[in-house]
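Report on the following structure.
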Amino acid sequence: MRQKRAKQYRKLMALYSMSFGFRQPYQVLVDSMICSEAISSKVDLVKRLEDVLQGNVKPMITQCCIEELYLQGSALQPAVDLAKSFERRKCNHREAIQGDECLLNVVGETNKHRYVIASQSNPLRQKLRLIPAVPLVHINRSVTVLEPPSDATLKQKERIEETRQHADEPETQLIANITAGPSNEGVIAAPSEPLVRKRKAPRGPNPLSVKKRRVDATKPAGAKKAQDGHKAKILKEIAPKSDGEKEVDGQEGAQITGHKRKRRRKHGLDGKGEEGGGGDEED
Ligand SMILES: [Zn+2]
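Counted the way full-length UniProt numbering counts, the sequence shown spans residues 1 to 283.
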């Protein structure tokens with residue numbers, strides 16, 4: 001039961017913080033009645049407030065509410081002492097007014113300061129249920145209770161979520177425009193992506209074509225020469241069959257002297273490549 005309630009309260013406080021911006025320490029405005037109730041039912045008010053609100057609390061009391069306690073005489077001295085330990089919330093009522101009225105006044109129409117109200121006054125809580133996002137706490141038979149969200153709170157929450165969704169749409173569009181926008185084309189994502197793709201595109205087919213080359217390339221240089229030799233052999237075999245022997249011879253020679261050319265290149269950088277090779281052949 002306790003766990004179930006703790007979970008309930010956690011969800012409820014998540015609602016207040018997510019939808020209405022409640023933050024720890026939660027500012028809890030207590031009234032005079034809950035102070036006296038806490039004393040009479042031996043409830044550790046601050047501790048219980050932390051329990052139900054599931055976080056740090058900053059209990060506060062208005063001048064009018066503490067005045068109510070003073071007026072009740074020395075019998076309520078422990079309640080006065082408790083109330084005195086709380087931060088005083090200035091309500092600017094020059095002459096103390098009734099506690100309920102004072103709290104209604106401080107909460108206002110929107111509870112913009114995000115107060116939690118801890119009050120034993122039923123009429124006050126009823127009125128505060130009409131104002132969205134006013135967490136209400138009271139003590140019921142020495143059990144501190146956080147009320148479920150009021151209809152006004154739930155409706156306001158829905159409204160906020162709707163406006164957030166609508167706000168999200170143009171935002172996402174904006175982001176899309178920014179990333180694809182012409183002004184930023186030369187700067188951010190839009191151009192860099194195609195560039196990367198351009199790089200990738202030639203790389204894509206290359207591995208396929210390179211693989212075959214790699215098979216050859218992985219062979220040692222000697223193997224390549226041997227291959228050249230092999231080609232030459234083939235050419236030799238073909239050569240007699242072909243009509244233009246001289247041309248074939250020329251090719252043959254070029255193929256055979258390929259080694260020499262390469263050696264030459266290694267030793268003395270032969271600038272004229274194949275022509276130099278041709279010269280070698282003549283030698
Ligand atoms: Zn006041």
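Note that CB positions come from ideal geometry on N, CA and C, so glycine has one too.
Looking from the CA of A152, the closest CA among Q27, A14, F20, K7 belongs to F20.
Beta-bridge pairing by DSSP links Y16 to no other residue. Using a cutoff of 8 Å, the CB of I117 does not count as near ligand 1, since none of the ligand's heavy atoms is closer than that. Sorting Y115, E67, L53, V143 by C-alpha distance to the C-alpha of A83 places E67 at the top. Contact between V57 and E50 is confirmed by a C-beta separation of about 5 Å, below the 8 Å threshold. Secondary structure at R89: strand, using DSSP grouped into helix, strand and coil. With a cutoff of 9 Å on beta-carbon distance, V52 and V145 are scored as near each other. A distance below 6 Å between beta-carbons, with the five flanking residues on each side excluded, links I160 to the following residues of its chain, in chain order: S19. In this structure, the CA atom of M60 is about 16 Å from the CA atom of H93. In this structure, DSSP gives I139 an extended state, which the three-state scheme calls strand. The closest heavy atom of ligand 1 lies less than 8 Å from the beta carbon of H93.
T62 carries a strand assignment under DSSP once its states are collapsed to helix, strand and coil. Shortest Cα-Cα distance from Y26 to any of M13, I97, R125 involves M13.
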